[in-house]
Structures are given as structure tokens and as C-alpha cells.
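Taking it in order: structure first as C-alpha cells, then the write-up.
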Amino acid sequence: MKVSSKIINSNAHNTNKLKHNLITNANETSNNHEYFTYTQRSFTGPSYQKLTGFLEKTTTTTNINGDMNDHYQIIHNRFLLQLMQQTICITCKSLWDGNISVVQREGLYSSILFTCRCSEQIKINTSKQCPNAGRRDVNIRSAVGKTSSYTIVTDKFTLHVGANFVGIGYQGLAKLCAVLNLPPPLDEDHFSRTIKYVLPFFESYKFNSMKRAVEEACVHANDHNITVSGDGSWQKRGFASLHGIVAVMSNCSESKVLDLKRMSKMCSICTGLLSIKVSDENKYLNLKANHECELNHRGSSGSMEVEGIYNLFSRSQTKYNSVIDISVLAMRRLCTKLLHNPPYDDVSIIKIEDINHFSKKMLHRLEKITKDLKTTRIGGKLGIGGHGRLTKEMTIRFKQYYRQAISKNKTDLDEMIRAVWSIWRHKASSNLEPHHEWCSLSFCGYLKSLETGNKTNIYFDFVLYVTRIGDEYDHDGHKLPLAVMKAIRPVFDELAHPDTLRKVINGSSQNANESFHSVLWKFAPKNRYSSGAVIDLCAALAVLSYNDGNQSIVPVIAEMTGGDGGFYTHIGMKRFDEKRIYREHNQKRGKVNKSIITTVTSTLQLENLMIVDNNNQEQFDDSYIPRAY
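Quick look at the structure:
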């Protein structure tokens, strides 16, 4: 069946119209200060709920009506010279004629001196000095900006170039300055000291964000008995990473980071001090005794996850002044340690399964039985694989059906068992022996045909719909051979057994943890080494961005540099948050559109492929949207 160009054009028009309504620069000010905003729409995704919730609870607002001159502007020195040549010198009373020189430079900050031929001098600074600190505003911003995928050092041009060219760390910032024809940033030693200066500010805001997340999780559960998911990630791929991160997160629709810890097998300062151990032993011992060592884990990289998350549970009372009953969603080794050696005597810990991981059992069992029966003649052919039989695509579908059966009935064991067996019975049915008693009307075409009387309407929540009028429902094009279904029945006997499915009662997923890891390693990419201090700063930025949005970073910058954070810092952070919400909404909407197009351009066999109904929005739940959290 071909899709008419009229339908395609209509869908494209509606998509473009939505995007136009979401993004606009209609509120551009009269003095050409460009910024973008979004129209108010009824978004309901996790990102929207978290970001708006943070803004409602804090006094942080996007100050688009603030001081519009509170930002940096890249300008070539020759244009400054031309500007001065159009002024009158207050001493010689003639057109200014002289030269320009830099009398002091500190990273991106410069002190510029204009000297007229009559010796009159005018000095200006390119950046203000932060209160209670001997550091310049622009250098602090550069230290913060270099750890992110965008740069908040200068104007929009820097923002766009930085997002595509700048690397991570000092060398990346130096490259950016070279490309923009700017002086080099602070030298690497001063740059590291600047990071150590800004780190306590971000650590403080990170702690407050996580503390609010704990309170929200308890309110959401209406009790101190909450479900959390614990997971770890490593800075380097493989099994030899020197640094790792462990995090515990709430397990509600608006998941947030509750606690976090960096695990390190090496201290960059201790390693650097080895170079003077022989030549100056006294200095070596003095520096080693007085520095804050980054090493906090002795053992294999793989053991970081278990030890780290166990430590997070153990310190919850001292850190948040409360002990809570916990249902934990984590790896088996960690849960074994928590259950056999609980951190608190009066706290009960219950292990629950990750539905996504658990559903892979179906895929692995089917792959194994397909391999084992490869040389066995079944139904007149060798093995159970091949065209019209158990293909690789079909095994993946079985895994998806298994997950849907669990997730839709995770509070009712009997319904869960019935839903899993309905998968086998549906695929084993024939025209002579239909077995759809346990099927759901949401996916079973046979039940739909009975309900509508030889007329099946497949409606979508979009403008498109498909109608088929034909004979009675035909199983032949959709069923698997009975011999193949009997061969894989032992898999269903195992995975539909009450003892097996009882493990996933009230199950959940660790998608939120994986989403947070994605945010974290964008700040500190895995293809580059980062010290413990840099990872701590990146982790703080990731927690603030993930829990409360990019606008939560503005108060930190404002406190460090004085003032309200800067005009374009407010505008830029607000725009990043709005684009995050729009991207989440667009991805969710794109899943619906993709399903519609796939259905129309393939065959009219949607109902018998046992995918869930497109009218059911639970199919497109946010746990399947990248970065939706």
C-alpha cells in the first residue's frame, strides 16, 4: 500500500507548525539583543515537571529585563583604536591620536592602556574582579564553561564555535582562544587552582539539590519507605578505569539524583609528587601530608560500584539526618551485600528487579534454544529458525512482548502470568484452533475482528487512520508453526512460572541512572582523562543540570562572580532548558509518527504483530526516550 503525498505533506505541515509554535524570537528587543523563548504549551514530560518545579520553589528567574550591557562582547583591538581616534582628548583638546597597549593580562582578562601623543593615559579593564576573591569574572566563567559542552565565556559566536570545536579541559579552552584570535587562557597551574576555587560553590548547591530530591521522593511516596535505583559508571571504558561514579536515584516519574560519590584508585597530586620524591624529600612529605588526596578506593575497578553504593546507603543518616526503609533496584552483588550486611539494623531493604534487564531472559533463552536445536529436525526442517519460523526479529519481538506483559501487570501476579502465556497461545493459534481467551483487545487482531464484525479500524492520536474491510481474521500470515511453538514452550514454562514472575512484582527500571550517566559523561567525556577534582566539578554540574535544569547553574555563577549572573547567561541557560523540553516532546511525538508511517507503508497486519495499540499512550512512556529524564 502506498502512502499518498497528501497525507505525508499534511503530517509534515503539522510538524513544522508545532515547531514554529514552540520556538520563536518574536520577543526580540528593540536594541537587537537576540534571545529566544518558547510559547506556553501543555507539556507533561519528566523534564518539564522537574524544571518548572525547581523554578517554582526558588527565586531564580530569567532576568531578560535586567542590565542588557552585563555581558561580554568580542571586539578587535583595531576597532577600539578607531573608536578612540574619534574622541577628543581632555588634555590637548584635539582629536585623540596615540596607541593602545596591554599593561596587564591574566588569562582572558586584560588591562588596556590608551596613551595619547600628549601623554594623557586612559586605562580600562576587560573584566570585573569578583568580590572577596582575587580572581576575574571571565576566568572563573571559563573554568566553569570548559567542563560543559557549551562555553559561557563570551557571546553567541563563542557559544556556537565552542560547541563544535572546543575540547574538554585546559587544552580545549586554549584551542578555542586560538581559533577566536584571543589571548591564551590562564596557564594550566592557575587554571587548576581556579577549578579548586569554584568547586566548593558547586558542591554546596549540589548538596542542596540532592537534599530537596530526597524530600520530594518521600513526599511522592507519601512515606519514608521509598524505592531507589543504584548504579555505577566508569570514566574509562573497559575494566581498568581509575575513576568511577556511583549514584542513588529516586524511582518515580520525575527521577532525581539523591546521592552521589566519586570513586578513585589514583590521586593525580600524589602521582605528580613522585617527581620530587628523591630530589626534595622534605617538600614531598610536606605536600603529601597537606593535600586533599583523591584516592578513596583500593581494589578492582569493578568493585567500585558495590563499595560505592554501599557507602551511600551507609551515610544516609549522617548526611540527610534520616534513615528510610528502602526498596532497592540494583545489581545482584550489591543487593546481596546490602541484605547480608545491612548498613542499619532497623532499616529493611527489599530488592526489586529491573524489568528491562529481566525481560532479556526471554531473548537469551530463545537464542539458546535456537542454537541447541539447530541440527534437530522439527516440522520437516532442521532447527526452528529461518523464514516463516523463529527469526532473529521474532525473538526480539518476543522479548518486547514479555516486557509489556510484565510492566502492564506488575502489581498483579495472576494477570502477569496470564499475559505472558497469552503471547505463546496467540502465536500458536490457527484458523481451526484459535486460542485468544487470554489476549488483550489492545493488540489482538482476532478479538478486534470479532468486536467490529469483519471491519477493523486502526485509529491513531494523529490525523491519520487506516480502515480494512475484508473476510474473517486469517491466522496463516501471522502465526508460527505449531511444531516451533511446541519447541519453545519450555522457555515459557520457565519464564511464566509464578516463582519466576514473582521477582518482578512492583518492578521498575534503571533507565534514569543511564540517562544521568549520559549527562555526566558529556561534561567529562570518556575518551579523555580527567582528574578527581575535574570529575567532582563535572558531577556537580551534572546533578544540577539533571535535577533542576541548566538555570540552576545561574545562582552559582552569580554567587561566585557577584551580580545576578549576566544577561546572556540567563538567556542562554533558559534557552537550553526550553530546548531540552522541546526535544523530549518532539522525540515522544516522533515515536508516534514513526509508528504511523511504518504501519501504513508495510502491510495491514499491525494487530497480529502484537504491538500495543497506538491509541495507548503508555506505549510511548518516557522511559524509552533518550535523555527524557
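Each step along the sequence shown adds one to the number in the working numbering, with nothing skipped, and position 133 is 114.
Glycine included, C-beta positions come from ideal geometry on N, C-alpha and C.
For clarity, every value in this text was computed on a predicted model and none was experimentally measured.
Own chain, CB closer than 8 angstroms to residue i, minus 5 neighbours either side, in chain order
i, result
"A155", "P165 and P166"
"R406", "H416, H417, E418, W419 and C420"
"T542", "K109, C111, D118, I121 and R122"
"Q85", "S91 and S92"
"I350", "I365, A468, I469, P471 and V472"
6 angstroms Cβ shell around residue i - same chain, five flanking residues per side excluded
i, result
"E235", "P27, Q30 and K31"
"A477", "I398, V401 and W402"
"S108", "Y90, R117, D118 and V119"
"D78", "R98"
"S210", "M230, N232, L310, Q491 and N494"
"H52", "G547, F548 and Y549"
"H456", "S410, S411 and N412"
Where the beta strand (DSSP E) through residue i begins and ends
i, result
"F209", "Looking at the sequence itself, residue 209 is Val, so the reference to Phe does not match. From DSSP, the beta strand (DSSP E) with V209 extends over I207 to W215."
Identified DSSP bridge partners for residue i
i, result
"I226", "S214 and R243"
"Q660", "In the structure as shown, the chain starts at -18 and stops at 610, and residue 660 therefore has no counterpart that could be examined."
"D335", "S489"
"L363", "R358"
"V238", "M230"
"R117", "Q110"
The alpha helix (DSSP H) enclosing residue i, as first and last residue numbers
i, result
"V537", "V535 to T542"
"D170", "E169 to A202"
"T252", "S249 to L254"
"T299", "S297 to Y301"
"P324", "Neither: P324 is in no alpha helix (DSSP H) and is coded neither H nor E."
"Q110", "No alpha helix (DSSP H) contains Q110, which DSSP labels as neither H nor E."
"V465", "L463 to A468"
"Y427", "G426 to T433"
"S511", "Looking at the DSSP string, S511 is not in any alpha helix (DSSP H), and its letter there is neither H nor E."
"V259", "V259 -> no alpha helix (DSSP H), and no H or E assigned at all."
"E396", "L394 to A409"
"Q152", "Y151 to V160"
"S479", "Checking the displayed sequence, the identity of residue 479 turns out to be Pro instead of Ser. P479 to L482 is the extent of the alpha helix (DSSP H) around P479."
Residues near residue i by beta carbon distance below 7 angstroms, same chain, minus five either side
i, result
"F183", "L518, A521, L522 and V537"
"D558", "L32, G530, N531 and Q532"
"S490", "D335, I336, N337 and S604"
"N528", "K31, S190, A194, K237 and V238"
"T175", "R116, N120, I121, A124 and L167"
"K264", "I257"
"M466", "W405, K408 and A409"
"N322", "none"
Residue environment, residue i, which counts as buried when at least 16 other CB atoms sit within 10 Å
i, result
"G361", "exposed"
"P415", "buried"
"C274", "exposed"
"T392", "exposed"
"V259", "exposed"
"A221", "exposed"
"Q216", "buried"
"Q102", "exposed"
"G364", "buried"
"V535", "buried"
"H551", "buried"
"T208", "buried"
"I55", "exposed"
"H272", "exposed"
"V83", "exposed"
"E453", "exposed"
"I71", "exposed"
Proximity test, residue i beta-carbon vs the ligand GTP heavy atom, cut-off 7 angstroms
i, result
"N322", "Annotation note on the ligand GTP: not contained in the displayed structure, which lists no ligands."
Chain B within 8 angstroms of residue i, Cβ atoms only
i, result
"W77", "Checking the listed chains, one finds no chain B in this structure; it contains a single protein chain."
(request) Pick out the complete alpha helix (DSSP H) segments inside the region 32 to 108, 4 residues or longer, and give them in chain order. (result) 58 to 65
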